[in-house]
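Input: a single structure, listed below in structure tokens.
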Amino acid sequence: YRKEETRVDKDLRKTISWKPNTYLEKGETEIHFYNNDRTKKFKVVVQGMTNSGKLINLEKIISDKD
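Start counting the sequence shown at 956; every next residue gets the next number (the working numbering).
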């Protein structure tokens, strides 16, 4: 028995990366993800908490024209 493959012509997902348990060290951290077929710019939303309990909320629009 061979499962029939489903072909997707375009990837139209709105959320392209969801990593709820990402831990950041001091300095820079790389986050890898795959893009969809419609995005021209990204809205990055970072929410979390510091080790001391302070809430963090950051939103930034990133495009290749920045």
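Cβ coordinates follow ideal geometry from the N, Cα and C atoms, glycine included.
Check	Outcome
List the endpoints of the continuous beta strand (DSSP E) containing Ile1016.	1010-1018
Could you spell out where the beta strand (DSSP E) holding Phe997 opens and where it closes?	996-1004
If I measure Cβ to Cβ from Ser1018 and keep anything under 7 Å in the same chain, skipping five residues before and after, which residues do I get?	Lys995, Lys996
How many whole angstroms separate the CB atoms of Lys974 and Ile986, which I take to be in contact at a CB cut-off of 8 Å?	7 Å
Taking C-alpha atoms, which residue in Val963, Gly982, Asn991 lies nearest to Lys969?	Asn991
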